[in-house]
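A.B. asks: Sequence lines, in order, name chains A and B. All you need for this note's numbering is the position in the first sequence, starting with 1, plus 375. All you need for this note's numbering is the position in the second sequence, starting with 1, plus 375. All residues carry an ideal CB built from backbone N, CA and C; glycine is no exception. Okay, handing you the structure first.
Number of protein chains: 2
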Amino acid sequence: MKPEKINLAEKFSHFSEHWSPKIVGEVNDSYVKLVKFKGEFMWHHHEAEDEMFLVVKGRLCIRFRDGDLWMGPGEFCIVPRGVEHMPVAEEEVHVVLFEPRSTLNTGNVRSERTREQLERM
Amino acid sequence: MKPEKINLAEKFSHFSEHWSPKIVGEVNDSYVKLVKFKGEFMWHHHEAEDEMFLVVKGRLCIRFRDGDLWMGPGEFCIVPRGVEHMPVAEEEVHVVLFEPRSTLNTGNVRSERTREQLERM
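Take a look at the structure:
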């Protein structure tokens, strides 16, 4: 059966809140999520999950303990499990996340920014 | 430790062959692969793996038994395991694949187009 086609820009146009990932696809044991970042997130890591960040629009900085990584549209990085990181976006950035279903946005940290139940769109 | 940043366009500029996926990243049990398609592939399916196709450049048609799905840059689909499909590209198309490490490009079919050992770049 023919699967659905997902247009990233169209999906991004349907929400405006920051730091609240939306699920747009499931591939094997992973989710494809869309998220908008603006401002600073928090230092955290994921015990058991690698996390892929693909920038679609804007400039994303991910801080690591040994330096900053800047990415623009068409660039991605994979943050291995256990590695502390903190996303920062001076201006709004649109990001595709690829990570296991079990991944919590704030990793090992619980705060008011933790999102337990993610919206599907 | 700060991970590597991958620029998709830069990586695509380093190879020209068609239908031969290159591994550019590992996330959990999956590979991120880049591939250039031109022409028709073959009908096949994957027994146990879902496969994500994200178009970066050009237009991709994936044929399914119940119709064709056309995608352009910034669009993706997820082909669930077991679903027969055949990628077709009238002009060259650049695609990011996201699929389990175990995934063979020709799925259940073995032919001269099967790629057992994928290059990493």
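(1) Going by DSSP in three states, B/F412 sits in which element: helix, strand or coil?
(2) Rounded to whole angstroms, what's the CA-CA distance from B/E392 to A/S486? Just pull it up for me.
(3) With burial defined as no fewer than 16 other Cβ atoms inside 10 Å of the residue's Cβ, what is the status of A/H389: buried or exposed?
(4) In this structure, how does DSSP classify A/K397 when only helix, strand and coil are distinguished?
(5) Taking 7 Å as the threshold (C-beta atoms), are B/L429 and B/V471 in contact?
(6) Does any residue of chain B have a CB that is nearer than 7 Å to the CB of A/V468?
(7) Between which two residues does the alpha helix (DSSP H) holding B/K432 run?
(8) On the three-pair Cβ rule with 8 Å, is the region 475–485 of chain B touching the region 433–445 of chain B?
(9) Mark A/A384 as exposed unless 16 or more other C-beta atoms lie within 10 angstroms of its C-beta, in which case mark it buried.
(10) Between the C-alpha atoms of A/G457 and A/G433, what's the straight-line distance to the nearest angstrom?
(11) According to DSSP, what are the bridge partners of A/F439?
(12) Rounded to a whole number of angstroms, what is the C-alpha to C-alpha distance between A/P448 and B/K380?
(13) I'd like to know whether the C-beta atoms of B/P462 and B/F416 end up nearer to each other than 7 Å.
(14) Could you pull out every residue in the same chain whose Cβ sits closer than 6 Å to the Cβ of B/E422, ignoring the five residues on either side in sequence?
(15) Please report the distance separating the alpha-carbon of A/V484 from that of A/H419.
(16) From A/D404 to B/E467, what does the alpha carbon distance come to, in whole angstroms?
(17) Cα-Cα, which of B/T489, B/F451 and B/G482 is closest to B/C436?
(18) Is the beta carbon of A/F412 closer than 7 Å to that of A/A464?
(19) Note down the Cα distance separating B/E424 from A/M376, rounded to an integer number of angstroms.
(20) Could you tell me the distance, in whole angstroms, from the CA atom of B/R495 to the CA atom of A/T489?
(21) Could you check if B/G414 is buried or exposed, using at least 16 other CB atoms within 10 Å of its CB as the buried criterion?
(22) Which value, in whole angstroms, describes the spacing of the CA atoms of A/N382 and B/H469?
(23) Apply the 10 Å Cβ neighbour rule to A/E426 and answer buried if 16 or more other Cβ atoms are within range, or exposed otherwise.
(24) What does the alpha-carbon distance come out to for the pair A/F316 and A/W394?
C.D. replies: The structure says:
(1) strand
(2) 48 Å
(3) exposed
(4) strand
(5) yes
(6) no
(7) First-last for B/K432: E426 to K432, but that is the beta strand (DSSP E), not the alpha helix (DSSP H).
(8) no
(9) exposed
(10) 27 Å
(11) A/G442 and A/H460
(12) 12 Å
(13) yes
(14) none
(15) 6 Å
(16) 31 Å
(17) B/F451
(18) yes
(19) 16 Å
(20) 36 Å
(21) exposed
(22) 16 Å
(23) buried
(24) For residue 316 of chain A there is no data in the structure shown, the boundaries of chain A being 376 and 496.
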